[in-house]
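*Asks:* Going by the working numbering, the first residue of the sequence shown is number 217, and it counts up by one from there.
Sharing a structure, written as structure tokens. Questions coming.
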Amino acid sequence: MDKYFTCEEPRYFSFAEMTRTDTGLDNRPTTWDQVENLMVTANRLDTVRGKFGKAVRVNCAFRSEAVNARVGGVPTSAHTQGLAADICAYDGTETGNRRLYAICRESILSLSIDQLILYTEKPGVESSRIRFMHVGFRAFGEKPRGQILFK
217 MDKYFTCEEP
227 RYFSFAEMTR
237 TDTGLDNRPT
247 TWDQVENLMV
257 TANRLDTVRG
267 KFGKAVRVNC
277 AFRSEAVNAR
287 VGGVPTSAHT
297 QGLAADICAY
307 DGTETGNRRL
317 YAICRESILS
327 LSIDQLILYT
337 EKPGVESSRI
347 RFMHVGFRAF
357 GEKPRGQILF
367 K
């Protein structure tokens, strides 16, 4: 796939939404690669949103190194490269979250998802109520692992 294939303006997700933080710290990308990655991530989420047919909440997407440290993210987090987003159904219902998770799971190959991590109220229990899901991608040219994890 060409690196610039999905670098058009996302339909559903704004740059402000993809860089929002409640930490009070500067959370702007500092490299062109981070900006490009964030656009690709937003466009892939657009595909998920289109299949879902309802609003999707982005809890967290891009994180500057300072924001990542403040929220306890690992230094190698895909969020710091604009390659991940934590999402849930906008209405927050379990039914919505389960459907959104199913769409993401079905789209692992077509969207080149590297990691799909389900965060539940009872950590590690897939059937427990969903808090949110992490959808992570790899940098251009890197092969996605297609991992599905439960935390």
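No residue lacks a Cβ here, since even glycine has one placed at the ideal position from N, Cα and C.
#1: Given this structure, state the Cα-to-Cα distance separating serine 230 from alanine 258, to the nearest angstrom.
#2: To the nearest angstrom, report how far apart arginine 354 and valine 274 are at their CA atoms.
#3: Can you tell me the Cα-Cα spacing of serine 370 and isoleucine 329, whole angstroms?
#4: Please report the distance separating the alpha-carbon of glutamate 224 from that of glutamate 252.
#5: Just list the residues that DSSP pairs alanine 301 with in beta bridges.
#6: Select from Trp248, Leu254 and Arg227 the residue whose C-alpha is nearest the C-alpha of glycine 352.
#7: Do you know how far the Cα of leucine 334 is from the Cα of threonine 222?
#8: Going by Cα to Cα distance, which pick from Thr235, Thr247, Cys276 and Gly308 is closest to histidine 350?
#9: Measuring straight from C-alpha to C-alpha, what distance separates glutamate 342 and phenylalanine 366?
#10: Touching or not, the region 276 to 291 and the region 232 to 242, by the rule of three or more beta carbon pairs under 8 Å?
#11: So for asparagine 284, helix, strand or coil by DSSP?
#12: Give every residue of the same chain whose Cβ lies closer than 6 Å to the Cβ of arginine 227, excluding the five residues on either side of it in the sequence, and list them in chain order.
#13: Go through the region 304 to 348 residue by residue and report every complete run of the beta strand (DSSP E) that reaches 3 residues or more, in order.
*Replies:* Taking the structure as given:
#1: Serine 230 and alanine 258: Cα-Cα distance of roughly 8 Å.
#2: Whole-angstrom Cα-Cα distance: 19 Å.
#3: There is simply no residue 370 to check, as the chain begins at 217 and stops at 367 in what is shown.
#4: Taking the straight line joining both Cα atoms gives about 10 Å.
#5: Looking at the DSSP assignment, alanine 301 forms a beta bridge with Val351.
#6: Glycine 352 has its Cα closest to that of Leu254, out of Trp248, Leu254 and Arg227.
#7: Interpretation of threonine 222 is limited by its pLDDT of 46, a score under 50 that renders its predicted location unreliable; no figure is taken from the coordinates.
#8: Of the listed residues, the one whose Cα sits closest to histidine 350 is Cys276.
#9: A direct Cα-to-Cα measurement between glutamate 342 and phenylalanine 366 gives close to 6 Å.
#10: Contact between the region 276 to 291 and the region 232 to 242 is present, because at least three Cβ pairs lie under 8 Å.
#11: Judged by DSSP in its simplified three-state form, asparagine 284 adopts helix.
#12: The beta carbon of arginine 227 is closer than 6 Å to those of Asp262 in its chain, skipping five residues each way along the sequence.
#13: Listed in chain order, they are 329 to 336.
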